[in-house]
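Throughout, my numbering is defined as the position within the sequence shown, counted from one, plus 437.
This report concerns only the one structure given below.
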Amino acid sequence: RRPYQGNFVLPAPAQVTIGLDSEMEATLVSATDPGHPIGKIDAKQSWQGNLAAGSYLVRAQHSRKNNLVAYTLRVSATQMMAGQSRVVTVPASIPVSIGADGLVELQSFGPSDVRARLVDAAGETIAQNDDRPGDWNFQIARRLQPGEYRLLVDPLDQKHAQTTISIFAPGEVAEKPMT
């Protein structure tokens, strides 16, 4: 069996866990420096560590020769980042990592009324929202600097609720002024 090479991109720094099943093992490398391994994932083990924003490769192979067993590669991050959605049970405190200066949208979608507060690394509230227009889900949209944040989400009218949290970073295009 030829080794498998998968890739993933982190839009921001994050604490990452990489796991393989079916006695697979792998090496983690940066796509920009593939000759220098960052970590080794042993069979039946997970790798956990902090990674900078960037592109990464996972080079996997079975720990036994000539084995064609199906397997699953899992890459997960503790922090939410742009481009991700997560189903969460609230109340919840969700770590958020932003990798680039720009407009960021954080929002919920679900059957329960929830509100959110975004705090910076010092714990200062920088944005909050209860209901977006015509809806009980929250929506926070603002320019954020790169860094660590925390999204505090609370249900209204019940002790616990489930909702989907999404983070988007729509691209900004600089154009010539209109004349």
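C-beta atoms are modelled at their ideal positions from N, C-alpha and C, and glycine is treated no differently.
What's the call for residue i, buried or exposed, on a 16-neighbour Cβ count within 10 Å?
| i | result |
| --- | --- |
| Leu593 | exposed |
| His499 | buried |
| Ser530 | exposed |
| Pro450 | buried |
| Met621 | One cannot answer for residue 621 here, as it falls past the ends of the chain, which runs 438 to 616. |
Using beta-carbon positions only, say whether residue i and residue j come within less than 9 Å of one another.
| i | j | result |
| --- | --- | --- |
| Gln516 | Val533 | yes |
Which first and last residues belong to the beta strand (DSSP E) in which residue i is found?
| i | result |
| --- | --- |
| Ser483 | Ser483 to Leu488 |
| Ala553 | Val551 to Asp557 |
| Gly491 | Gly491 to His499 |
| Thr616 | Per DSSP, Thr616 belongs to no beta strand (DSSP E) and is neither H nor E. |
How close, in whole Å, do the beta carbons of residue i and residue j come, if the pair is a contact with beta carbons under 8 Å?
| i | j | result |
| --- | --- | --- |
| Leu443 | Leu488 | Note on identity: in this sequence residue 443 is Gly, with Leu being the wrong assignment. Not a contact, Cβ separation roughly 15 Å. |
| Val551 | Ala598 | 6 Å |
According to DSSP, which residues form a beta bridge with residue i?
| i | result |
| --- | --- |
| Asn504 | Answer is none; Asn504 lacks a bridge partner. |
| Ala598 | Val527 |
| Pro474 | Val466 |
| Pro592 | Val551 |
| Gly456 | Ser483 and Arg511 |
| Ala578 | Glu542 |
| Pro532 | Arg587 |
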